[in-house]
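Letter by letter, the sequence shown follows residues -24 to -1, 1 to 490 of mature numbering (1 follows the signal peptide of the UniProt record, and there is no 0). Heads up, the thing below is written out as structure tokens.
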Amino acid sequence: MPSRSKLSLTALAALASLVAVTSAQCVEASTDTDLSGCYPTPQTGVEPLTVLTIGTTANGYATSARGWNTWSIQSLADPNIVPGWDATTAPYLDDASILSQCSVLATTPFQAAKFTLCSLDGGWSATEVNSDGLIVPNTKILNITAISDVLHADGLLLGVYVHPGVPCSANGKLIPGTDIYANTLFSGQEDQSQCYFNYSAPGIQEWHNAQVALWASYGVDMIKLDFITPGSPLNDGALPCDMSAASTMYHNAIAASGRPMRLDLSWKPCRNTTWLPFWGQSADAIRTDNDINLYYTNTFTDWQILQQAFENYRQYILLQRAEQIAGHPIVLHPDMDNLLVANNATLSGITDDMRVTTMNMFLGASANLVLGGDLNNVDTLGLQLLTSSGSKLAANFFAEYPMQPRNPGTGDVLPLQLQAWIAGPSAATGEAYVVVANYGPDQGKGGYGTALEGVQAVTVSLSDLGLTTAAGYAASYTWRDVWNGNGTSVSATDSFTAYLNATQSSLFLLAPVS
Ligand SMILES: *[C@@H]1O[C@H](CO)[C@@H](O)[C@H](O)[C@H]1NC(C)=O
Ligand SMILES: *[C@@H]1O[C@H](CO)[C@@H](O)[C@H](O)[C@H]1NC(C)=O
Ligand SMILES: *[C@@H]1O[C@H](CO)[C@@H](O)[C@H](O)[C@H]1NC(C)=O
Ligand SMILES: *[C@@H]1O[C@H](CO)[C@@H](O)[C@H](O)[C@H]1NC(C)=O
Ligand SMILES: *[C@@H]1O[C@H](CO)[C@@H](O)[C@H](O)[C@H]1NC(C)=O
Ligand SMILES: *[C@@H]1O[C@H](CO)[C@@H](O)[C@H](O)[C@H]1NC(C)=O
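This is the structure we're talking about:
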């Protein structure tokens, strides 16, 4: 959620008692590129295949998060078009609405595919802190204990949402276990209700420890930390330049709490050589692009936004590839925002072909598989994409081996309308996954700029993918289409041609033929 104005969280009366403080503010960025050095353009060129792997993340996770998040519904022009969603005023959250969706995660197909996280987005918390200066639920709209009890009884997990800093109503409150007042941590004010922190101030870690301990007592299993900087580029209100310490503080506090929790950073943290390794020390996932929500309508997303999201993944993973080659193992999963493939085009805003391609991209990216949409109306395609055995096997593979681009015909890594990607091969089995895509005409943000219409032949050889016998790979692979089930065999001197209409893609499981 980058749109604070959208929510108009109950505005507190101006806190007249607060000393007016200003914070060091960055140049107000209106585009991503204004944040110079933050999002470097990755190097291109044909290189031998470096198999990319994602290790155990900072908070101890071997896979990306899987579950569902409230924001796609909250972001609709009228959230109440979703049956069972009865929260009538902003921020459009209440117990019954949340549980009407998350209870679907407890059904057999979703549990078997490990979609366990029920993640509450912006608006779940109050602007008034508790007597310890800590962030608490907005009890006017929800009962966190009741939600948490139901979720955990069903084998599910609870996620919450926060910005760096604290509501300014923490002014005058003592940090638990200290004689330090919370307002001595303040370094500036985001708006009428939210204060920033000075991450050098004594007591700052103690505040985070107390905050996370309180959330642990609610049964929180995941924290989404939004508006982290450097990054979060379209910083309405000009955020302080560097709130990166918030990630470290929450990480330390999670460890101190003794309760396992994920930490997910939003939105679009800087990803240069300074920052990728830094985030990897504290977080489990970082967002790679803006929100993919439309906000003004009753469909969730569109193809232009997704083309941009896919291009951001290409840039992100090539930067991570450079990090891995430089000796910094990858320990972050990308967060490509909510996965919006559960519902038909009427609600999702994307056709079935686009849904398949979106699933292929999120799976291949090893991205968080945190769904959005209406889980009470998952159609046949949605069920197949999310809960079929092919989907589960692929998700488990990609959890360890994220895909990287290899251009059809060359093996380069440029952004292309007709693209190929490879993940693996796995050290244990020699298997790999390949995505072959025709993203369709570039709608402006796809990074490739071409506009081929209709069905295209996309031809990929094993050597384009880097699977050469000279590099020790098998001379021949079977290619099995994960969604259709059919297969064929491709040898080193041969290639595979996929005939793909605009926006279509195929996901293949490659197995070496011995
Ligand atoms: C990374 O980006 C930050 C923020 O723009 C910048 O200050 C820093 O110098 C960059 N680091 C590198 C190595 O380019
Ligand atoms: C919140 O839910 C818990 C658990 O169901 C219950 O014991 C408690 O009374 C509820 N609180 C309020 C204010 O309704
Ligand atoms: C932050 O806290 C440190 C340590 O107390 C202090 O030296 C510094 O002046 C503070 N910075 C701001 C902007 O308040
Ligand atoms: C699309 O899904 C909605 C439920 O989300 C359903 O009411 C509608 O009939 C479906 N439309 C088509 C064309 O299947
Ligand atoms: C699956 O069948 C389709 C339709 O006959 C064909 O175009 C495609 O190449 C086949 N895929 C594989 C992997 O053999
Ligand atoms: C390709 O997609 C276009 C646009 O959706 C559609 O009109 C056309 O019929 C499709 N072509 C084939 C061969 O499926």
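Quick reminder that beta carbons are idealized off the backbone N, C-alpha and C, glycines included. It should be emphasised that the depicted structure is a prediction, and the values quoted were computed from it without experimental measurement.
* **Which listed residue (His139, Ala53 and Leu485) has its alpha carbon closest to that of Gly366** => Leu485
* To do: Would you identify the three-state DSSP class for Ser490, choosing helix, strand or coil?
  => coil
* **For Ala(-1), the three-state DSSP class (helix, strand or coil)** => Residue placement at Ala(-1) is flagged as unreliable, the pLDDT there being 45, under the threshold of 50; the coordinate-derived value follows with that caveat. Correct three-state label for Ala(-1): coil.
* Residue interval of the beta strand (DSSP E) (run including Met337) -> Taken as a continuous stretch (DSSP letters only), Met337 belongs to no beta strand (DSSP E), being part of the alpha helix (DSSP H) at Asp328 to Gly340.
* To do: Would you kindly work out how many angstroms separate the C-alpha atoms of Gly36 and Asn228, rounded to a whole number?
  => 13 angstroms
* Asked: Is it the case that the Cβ atoms of Pro18 and Ala341 are separated by a distance below 8 angstroms?
  -> no
* To do: Compare the beta carbon distance of Asn336 and Val411 with 8 angstroms and say whether it is the shorter of the two.
  => yes
* To do: Closer than 6 angstroms is what we want: which residues have a beta carbon that near any heavy atom of ligand 2? List them in chain order.
  => Asn119, Thr121, Ala122 and Asp125
* Contact test: Val431 Cβ vs ligand 6 heavy atom, cutoff 7 angstroms -> yes
* When you get a sec, list the residues whose CB is within less than 5 angstroms of any heavy atom of ligand 3, chain order please. => Ser163, Asn174, Ser176 and Ala177
* Looking at the unbroken alpha helix (DSSP H) that takes in Gly366, where does it start and where does it end? -> Ser365 to Glu376
* Start-end ranges of the beta strand (DSSP E) lying completely within the segment 189 to 223, minimum 3 residues -> 196 to 201
* Asked: What is the rounded straight-line gap between the Cα of Asp329 and the Cα of Cys144?
  -> 47 angstroms
* With respect to 7 angstroms, is the separation between the Cβ of Asn477 and the closest non-hydrogen atom of ligand 6 below this value? -> yes
* Asked: By the 10 Å Cβ neighbour count, where 16 or more other Cβ atoms means buried, how is Thr64 classified, buried or exposed?
  -> exposed
* According to DSSP, is Pro305 helix, strand or coil? -> coil
* Asked: Would the C-beta of Leu357 count as close to ligand 4, meaning under 7 angstroms from any of its heavy atoms?
  -> no
* Return the CA-CA distance between Ile57 and Asn274, expressed in angstroms with no decimal places. => 8 angstroms
* Specify, as a first and last residue, the run of the beta strand (DSSP E) that Leu28 falls within. => Segment: none, Leu28 is in no beta strand (DSSP E) and carries neither H nor E.
* Asked: Any idea which residues DSSP pairs Ser452 with across the strands?
  -> Ser467
* May I ask you to report which of helix, strand or coil DSSP gives Phe484? => strand
* Asked: For Tyr475 versus Gln291, is the C-beta distance shorter than 8 angstroms?
  -> no
* To do: Starting from Ser437, follow the beta strand (DSSP E) in both directions and report where the run begins and ends.
  => Gln432 to Ser437
* Asked: Regarding Leu295 and ligand 1, is the C-beta to nearest heavy atom distance less than 7 angstroms?
  -> no
* **Thr277 vs Asp311 beta-carbon contact at 8 angstroms** => no
* Mark Tyr172 as exposed unless 16 or more other C-beta atoms lie within 10 angstroms of its C-beta, in which case mark it buried. => buried
* Asked: Would DSSP call Phe91 helix, strand or coil?
  -> coil
* How is the beta strand (DSSP E) around Trp44 delimited, first residue to last? -> Arg42 to Asn45
* Asked: Excluding five sequence neighbours on each side, which residues of the same chain lie with their C-beta closer than 8 angstroms to the C-beta of Thr92?
  -> Arg42, Gly43, Leu81, Gly131, Leu132 and Leu133
* Out of curiosity, what's the CA-to-CA distance linking Pro209 and Leu11? -> 7 angstroms
* State the CB to CB distance for the pair Asp440 and Ala396, rounded to an integer number of angstroms; the pair is presumed to be in contact (CB under 8 angstroms). => 6 angstroms
* Asked: If we ignore side chains and look at the alpha-carbon of each, how far apart do Pro378 and Gln296 end up?
  -> 10 angstroms
* Asked: With burial defined as no fewer than 16 other Cβ atoms inside 10 Å of the residue's Cβ, what is the status of Trp358: buried or exposed?
  -> Note on identity: in this sequence residue 358 is Gly, with Trp being the wrong assignment. By the neighbour-count rule (16 or more Cβ atoms within 10 Å), Gly358 is buried.
* **Close-in-space but distant-in-sequence residues of the same chain around Thr20 (CB under 7 angstroms, 5 per side omitted)** => Asp388, Val389 and Leu390
* Asked: Does the beta-carbon of Lys200 have 16 or more other beta-carbons within 10 angstroms, so that it is buried, or is it exposed?
  -> buried
* To do: Measure the C-alpha to C-alpha separation of Tyr424 and Gly400 and round it to an integer number of angstroms.
  => 25 angstroms
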